[in-house]
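Under our numbering, the residues of the sequence shown are numbered 457 to 565, in order.
Virtual Cβ for every residue (Gly too), placed ideally from N, Cα, C.
See below for the structure under consideration.
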Amino acid sequence: MELELFIPIVLFICITYAIKAVVDARVRKQLVASNVSQELIQSIVEADELRRRQSTLRWGAVLIALAFGFGLMEAFAWRDVTPGVFAVLLGATGVGNLVAYYLSRKLPG
Numbered sequence: 457m458e459l460e461l462f463i464p465i466v467l468f469i470c471i472t473y474a475i476k477a478v479v480d481a482r483v484r485k486q487l488v489a490s491n492v493s494q495e496l497i498q499s500i501v502e503a504d505e506l507r508r509r510q511s512t513l514r515w516g517a518v519l520i521a522l523a524f525g526f527g528l529m530e531a532f533a534w535r536d537v538t539p540g541v542f543a544v545l546l547g548a549t550g551v552g553n554l555v556a557y558y559l560s561r562k563l564p565g
């Protein structure tokens, strides 16, 4: 693949992330500026922190499962792109998501 193909994709992702960060900051600023109870602000911040932790947990579990899938492909010397290879990678992704879901249910909070 050519590098020129990835430039617009990465640019789009960066712009989207920047817009999301600005909107989140603006919403938080308006929330703090309004007369909202301290308990509501604290619950929103705690929920956001929990969501971030679970997102990190999910990405970690999925990436570890994908690493296992790629290691399995390397161990069996699967070099050709076949539906079986895609099945291994998709299965590893699914297992990673299920592990993340299980772990998130077991964690406190």
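With fewer than 16 other Cβ atoms inside 10 Å of its own Cβ, Val466 counts as exposed. For Gly552, the closest of Ile520, Phe526, Ile497 by C-alpha to C-alpha distance is Ile520. When only Cα atoms are considered, Ser499 and Arg508 end up about 14 Å apart.
Here the segment 540-559 makes contact with the segment 516-531; the two share three or more CB pairs at distances below 8 Å.
In this structure, the CA atom of Leu487 is about 8 Å from the CA atom of Ile497. Listed in chain order, the alpha helix (DSSP H) elements of length 4 or more contained wholly in the segment 498-561 amount to none. Between Val544 and Leu563, the C-beta gap is not smaller than 9 Å, which leaves the two residues out of contact. Out of Val483, Leu461, Leu513, Val478, the CA that lies nearest to the CA of Arg561 is found in Leu513.
Rounded to the nearest angstrom, the gap between the Cα atoms of Asn491 and Lys485 is 12 Å.
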